[in-house]
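Okay, structure first, notes after.
There are 2 protein chains.
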Amino acid sequence: MKIVVVGSVAAGTSAAAKARRNTEDAQITIYERDTDISYSGCGLPYYLGGEVESIDDLTPRDAAWFAQRYGVDVRTGHEVTGVDPYARTVRVRELATGETFTDTYDELVLATGVSPVVPPVPGVDRPGVFTLRNPRDARGVHAWLTDRDVTRVVVVGAGYIGLETAEQLVGRGLDVTVVEAQEHAMPRMDGDMSARVDAELRAHGVELLTRTRLVRVEGAGTPGSPGAPGEADPSGGVSAVVVQDADGERTLPADLVLVAVGVRPNLDLPRAAGATVGPTGAVAVDRQGRTDVPHVWAVGDVAESFDVITGEPTWVPLGSTANKMGRVAGDALTGGSLVHRGILGTSIVRVFDQAVAQTGLTEDRARAAGHDVVVVHNIKPDRPPYLGGREMLIKAVADRATGRLLGAQAIGPSGVDKRIDVLATAITYGATVDDLFHLDLAYAPTYATTKDPVHYTGMALDNAVRGSAPLLSPAELDRRRAAGEKIQVVDVRSAKDRAKGFVEGSVHIPLAELRARAGELDPTLPTVTYCNKGVTGNAGQNVLRNLGFTDVANLSGGNKNYQQFARTPHPPAG
Amino acid sequence: MKIVVVGSVAAGTSAAAKARRNTEDAQITIYERDTDISYSGCGLPYYLGGEVESIDDLTPRDAAWFAQRYGVDVRTGHEVTGVDPYARTVRVRELATGETFTDTYDELVLATGVSPVVPPVPGVDRPGVFTLRNPRDARGVHAWLTDRDVTRVVVVGAGYIGLETAEQLVGRGLDVTVVEAQEHAMPRMDGDMSARVDAELRAHGVELLTRTRLVRVEGAGTPGSPGAPGEADPSGGVSAVVVQDADGERTLPADLVLVAVGVRPNLDLPRAAGATVGPTGAVAVDRQGRTDVPHVWAVGDVAESFDVITGEPTWVPLGSTANKMGRVAGDALTGGSLVHRGILGTSIVRVFDQAVAQTGLTEDRARAAGHDVVVVHNIKPDRPPYLGGREMLIKAVADRATGRLLGAQAIGPSGVDKRIDVLATAITYGATVDDLFHLDLAYAPTYATTKDPVHYTGMALDNAVRGSAPLLSPAELDRRRAAGEKIQVVDVRSAKDRAKGFVEGSVHIPLAELRARAGELDPTLPTVTYCNKGVTGNAGQNVLRNLGFTDVANLSGGNKNYQQFARTPHPPAG
Numbered sequence: 001m002k003i004v005v006v007g008s009v010a011a012g013t014s015a016a017a018k019a020r021r022n023t024e025d026a027q028i029t030i031y032e033r034d035t036d037i038s039y040s041g042c043g044l045p046y047y048l049g050g051e052v053e054s055i056d057d058l059t060p061r062d063a064a065w066f067a068q069r070y071g072v073d074v075r076t077g078h079e080v081t082g083v084d085p086y087a088r089t090v091r092v093r094e095l096a097t098g099e100t101f102t103d104t105y106d107e108l109v110l111a112t113g114v115s116p117v118v119p120p121v122p123g124v125d126r127p128g129v130f131t132l133r134n135p136r137d138a139r140g141v142h143a144w145l146t147d148r149d150v151t152r153v154v155v156v157g158a159g160y161i162g163l164e165t166a167e168q169l170v171g172r173g174l175d176v177t178v179v180e181a182q183e184h185a186m187p188r189m190d191g192d193m194s195a196r197v198d199a200e201l202r203a204h205g206v207e208l209l210t211r212t213r214l215v216r217v218e219g220a221g222t223p224g225s226p227g228a229p230g231e232a233d234p235s236g237g238v239s240a241v242v243v244q245d246a247d248g249e250r251t252l253p254a255d256l257v258l259v260a261v262g263v264r265p266n267l268d269l270p271r272a273a274g275a276t277v278g279p280t281g282a283v284a285v286d287r288q289g290r291t292d293v294p295h296v297w298a299v300g301d302v303a304e305s306f307d308v309i310t311g312e313p314t315w316v317p318l319g320s321t322a323n324k325m326g327r328v329a330g331d332a333l334t335g336g337s338l339v340h341r342g343i344l345g346t347s348i349v350r351v352f353d354q355a356v357a358q359t360g361l362t363e364d365r366a367r368a369a370g371h372d373v374v375v376v377h378n379i380k381p382d383r384p385p386y387l388g389g390r391e392m393l394i395k396a397v398a399d400r401a402t403g404r405l406l407g408a409q410a411i412g413p414s415g416v417d418k419r420i421d422v423l424a425t426a427i428t429y430g431a432t433v434d435d436l437f438h439l440d441l442a443y444a445p446t447y448a449t450t451k452d453p454v455h456y457t458g459m460a461l462d463n464a465v466r467g468s469a470p471l472l473s474p475a476e477l478d479r480r481r482a483a484g485e486k487i488q489v490v491d492v493r494s495a496k497d498r499a500k501g502f503v504e505g506s507v508h509i510p511l512a513e514l515r516a517r518a519g520e521l522d523p524t525l526p527t528v529t530y531c532n533k534g535v536t537g538n539a540g541q542n543v544l545r546n547l548g549f550t551d552v553a554n555l556s557g558g559n560k561n562y563q564q565f566a567r568t569p570h571p572p573a574g
Numbered sequence: 001m002k003i004v005v006v007g008s009v010a011a012g013t014s015a016a017a018k019a020r021r022n023t024e025d026a027q028i029t030i031y032e033r034d035t036d037i038s039y040s041g042c043g044l045p046y047y048l049g050g051e052v053e054s055i056d057d058l059t060p061r062d063a064a065w066f067a068q069r070y071g072v073d074v075r076t077g078h079e080v081t082g083v084d085p086y087a088r089t090v091r092v093r094e095l096a097t098g099e100t101f102t103d104t105y106d107e108l109v110l111a112t113g114v115s116p117v118v119p120p121v122p123g124v125d126r127p128g129v130f131t132l133r134n135p136r137d138a139r140g141v142h143a144w145l146t147d148r149d150v151t152r153v154v155v156v157g158a159g160y161i162g163l164e165t166a167e168q169l170v171g172r173g174l175d176v177t178v179v180e181a182q183e184h185a186m187p188r189m190d191g192d193m194s195a196r197v198d199a200e201l202r203a204h205g206v207e208l209l210t211r212t213r214l215v216r217v218e219g220a221g222t223p224g225s226p227g228a229p230g231e232a233d234p235s236g237g238v239s240a241v242v243v244q245d246a247d248g249e250r251t252l253p254a255d256l257v258l259v260a261v262g263v264r265p266n267l268d269l270p271r272a273a274g275a276t277v278g279p280t281g282a283v284a285v286d287r288q289g290r291t292d293v294p295h296v297w298a299v300g301d302v303a304e305s306f307d308v309i310t311g312e313p314t315w316v317p318l319g320s321t322a323n324k325m326g327r328v329a330g331d332a333l334t335g336g337s338l339v340h341r342g343i344l345g346t347s348i349v350r351v352f353d354q355a356v357a358q359t360g361l362t363e364d365r366a367r368a369a370g371h372d373v374v375v376v377h378n379i380k381p382d383r384p385p386y387l388g389g390r391e392m393l394i395k396a397v398a399d400r401a402t403g404r405l406l407g408a409q410a411i412g413p414s415g416v417d418k419r420i421d422v423l424a425t426a427i428t429y430g431a432t433v434d435d436l437f438h439l440d441l442a443y444a445p446t447y448a449t450t451k452d453p454v455h456y457t458g459m460a461l462d463n464a465v466r467g468s469a470p471l472l473s474p475a476e477l478d479r480r481r482a483a484g485e486k487i488q489v490v491d492v493r494s495a496k497d498r499a500k501g502f503v504e505g506s507v508h509i510p511l512a513e514l515r516a517r518a519g520e521l522d523p524t525l526p527t528v529t530y531c532n533k534g535v536t537g538n539a540g541q542n543v544l545r546n547l548g549f550t551d552v553a554n555l556s557g558g559n560k561n562y563q564q565f566a567r568t569p570h571p572p573a574g
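One line per chain: the protein sequences are A and B, in this order.
Count the first sequence with full-length UniProt numbering and you get residues 1 to 574, in order.
Count the second sequence with full-length UniProt numbering and you get residues 1 to 574, in order.
Below you can see the structure in the form of structure tokens.
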């Protein structure tokens, strides 16, 4: 059997290695257009910031290593330019010589990956405008930073790569502006979560411009260009970026521009083979990686995955998923039975002092998928405060009818990755919200609280799903009050806490007095209790419900979450 | 309804709080013998070491706070001395006055907890010998450390409290000796894992004496007693501990002795009520906390739990479990339907630079339960080494017949808590080993490797369970060779790695040469491949199997795990 793999980063090498582990009988060839193989693309921002000392640390394996270990012929600098699925041949060009040749295959694995999207605006092709997808890109940015007097950087796009790079460049002492077309950084998250990412960026000196689009890149000869301030830059670098928001155009001086607005699948070869592109815009494959063209497989970022929860095709290009898809296909094409089980879109990014992570459906996507959702905002420390515990916010979403946990998003300085991974695991097994409290997680005060944030999240969701302790999000409260509904909002905190700020229009009855003073409230009105973060609010809610109040919700995440929401631009209610 | 709770640490307060959340109609009284309520017992060692500044940080809630918040009458300094389950009364003594009275109940919740076991040896009642269970104990140790010229401490018992306290006292600059009767520190773990805990203790200057028993405590008047070296100590402190191992008795100078050999349930009151004690020695309860005496409940450390995997009664007294049991009973006794779902014995402890954690069955317990086990030792970094990732060792155990994951143990400086919690969650849902690879965990190089250690663990176990890549542990290799079996051991590492040490009697054929030189080996002999940690050994194993070798195992955890095993005292094989 002869296996030809196109592409050698995560999925391509995983497929080849797994195939070889299964059999010594196959002849396996990998064609790679580039020079680097199996590199860590996710580590590139950290090379720019100096956390990773050498680019070699991100490209630990070369073709010779891979060939020796796996008996796989890795041809770097070879571009596959065509495929004939009837003859089962590929057309290959050796880039160094320009020579082309035809190779045959029994099975063809397309791991052609993605390319950065570059908006087609004037000046975007100038030297000094970069994308950051592979080591070559990183070497280019690094050289530009090293060789020139760069002080101002504009990053276009506030997704993973944009934010990681922004963080690293701030760490180098540069002035960094991030431009994002959407309402917030990290637009894959719900707005009430990504607003916190905005805040973290700004707190660390990043100028974040949201709802702002790149118009053009200006360069050589304009004032402020790098290398020769005030004079023409003979090398033709950039000098400024022009962006546009609702107020009009604005010019941002820049010595370097990183375009990180997203990626798109490299579909030329799959299309040449006749493979169908799915609804997500990536190649449609079955659960082992087969396209609809016989003997042609697609794996990694170029191919679709599917959502564990909805079962629908989805496309979230990540190295972890690419590895899985490659391994599954490598197994299947050598007779194995591995099957890809889908993804939750689990992801994490460090943004300065915060870990920002998510898994499963956001509130927005859950609503869009037709779920009647229950949402909780849970603010808890990762460890006891007496051992330095720091608060994280977990927003979790469940289906009201079934109690199924649909997704979670979390932001915090410590322990966020653990909670998201536990929740992702639970969701994988179809967890209902009542399951979470029962998980026997590892407790010691050096690592967790006696009841873990995961437990609290489950308890709050469970109470809300069962209707014994309904939650109301700040957005819902805002919307209902703006629509004219009369809602009795009760602040059950101490006078000291209330003095620091409160929900407008709320009455103040501390929890300790609530049993005695409940007569001041109207038990027939919709009532919302709240405290700082939610726990005491829930206690007040229980008191009122047990005293016969019929409609009492607790404000999700308390005043802390409400104030954050209130400070966030959001569409006017009603 | 009138609810009486006895005990106010984790389970008792949880039961009372949950009952109140469910209803305003119950009268709830908690009797507490001590003065502190709802304290963090697990934080006490960190107060001794100074990581926790004030003991008040560990006792944030007092009776007044609890009474106000929950409308619960908390009577500290009140000991319940008797119970009449027919009359439904308890006999209570107010300790300050000595007055006794009778109280009635509709439901009685016994959360009497545990007491430290103190070996009945001479001198163990001297001043300067402490246990560490509650804030009073901690205040006593703290005062002794502060007021006296303590330089030498003997800790008896190398479980959680003993090791945490040893770590903290080393941090204070004290000479610490830990005495443990079992073969290793952390005897709840398998010996090959707890041996690494031994090594960590010794690396940080702790004198660890295993297979060693406390014989007596010597004191006042002997040389070296604290406060007055060489003279009689008028306060009657300790001066030395006499211990015994296989070689005889030995005297260890000591200015302070901490006895932390374990705890036992406080059964006086449950027995007085007529409640049955289960096979674990704790009170037998149903899955909501009912004893077999009507209207008498037992929750927390005094009561049995049951094992999620085996379904059998088990007793692992931990605050996290006590909280769960209390909440479940509090719900059930006010008409709720919460049910305790059992435990995995998940636990974690920080021992200097290592997190030491476990969940589910150890190899020993799995074998004892009759499982044909598959075991993997997986050595992986928590993050990519280029971002400072450091290696952890995960030992995981599965059932060969069903592929069910039975348990995991892990040791490492970073990220151990996350992996154990993910594995605990998977085990809870009945995970089989093939599930783990598919988990969509949060990947970014700042938090994890592209394939997480959890994925690798699952892949290795899956290959072993399916027979495609069997694993052999160092102990098994040792045993089989010692029994005279002829096993071909093949070192597939580079010459450079081999020069650093190898498995005795192994032949050396680097992986790169293995395909060509396989003829030097006998394909009919049992064969074991190995490398440094296991990955390349698995590659060599695949090569040989694919070349027709019939019986090829990979050495679990490679040379690194083997050498650690070889350095560990273990019973002679055969």
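No residue lacks a Cβ here, since even glycine has one placed at the ideal position from N, Cα and C.
Every value quoted in this text rests on a predicted model; they were computed, and no experiment measured them.
Residue j and residue i - do their beta-carbons sit closer together than 8 Å?
| i | j | result |
| --- | --- | --- |
| Val74 of chain A | Ser8 of chain A | yes |
| Arg5 of chain A | Ala87 of chain A | For clarity, residue 5 of chain A is Val in the given sequence; the question names Arg instead. No, they are not a contact pair. |
| Arg290 of chain A | Ser14 of chain A | no |
| Val259 of chain B | Val156 of chain B | yes |
| Leu132 of chain A | Pro45 of chain A | yes |
Of the residues the options, which one's Cα is nearest the Cα of residue i?
| i | options | result |
| --- | --- | --- |
| Gln409 of chain B | B:Arg341, B:Val397, B:Pro470 | B:Val397 |
| Glu312 of chain B | B:Gly345, B:Leu169, B:Thr291, B:Val296 | B:Gly345 |
| Gly171 of chain B | B:His204, B:Trp144, B:Glu180 | B:His204 |
| Arg148 of chain B | B:Asn323, B:Asp301, B:Asp522, B:Leu256 | B:Leu256 |
| Ile55 of chain B | B:Ala64, B:Gly43, B:Trp65 | B:Gly43 |
| Gly319 of chain A | A:His508, A:Ile348, A:Thr177, A:Ile394 | A:Ile348 |
Residue range of the alpha helix (DSSP H) that residue i falls in?
| i | result |
| --- | --- |
| Ser14 of chain A | 11-22 |
| Phe565 of chain B | 558-567 |
| His455 of chain A | 453-465 |
| Phe66 of chain B | 63-70 |
Here's the rule I'm using: 16 or more other beta-carbon atoms within 10 Å means buried, otherwise exposed. How should residue i be labelled?
| i | result |
| --- | --- |
| Asp478 of chain B | buried |
| Gly519 of chain B | exposed |
| Lys496 of chain A | exposed |
| Arg404 of chain B | buried |
| Pro60 of chain B | exposed |
| Ala64 of chain A | exposed |
What residue range is occupied by the uninterrupted beta strand (DSSP E) comprising residue i?
| i | result |
| --- | --- |
| Asp73 of chain A | 73-76 |
| Tyr386 of chain B | Careful: Tyr386 of chain B lies outside any beta strand (DSSP E) and carries neither H nor E. |
| His377 of chain B | 373-381 |
| message | Quick check: the stretch 347-354 of chain B against the stretch 503-519 of chain B, are at least 3 beta-carbon pairs closer than 8 Å? | response | no
| Any contact of the stretch 20-39 of chain B with the stretch 55-71 of chain B, i.e. 3+ C-beta pairs under 8 Å? | yes
| message | If contact is defined by three or more beta carbon pairs under 8 Å, each pair taking one atom from either stretch, is the stretch 437-456 of chain A in contact with the stretch 170-185 of chain A? | response | no
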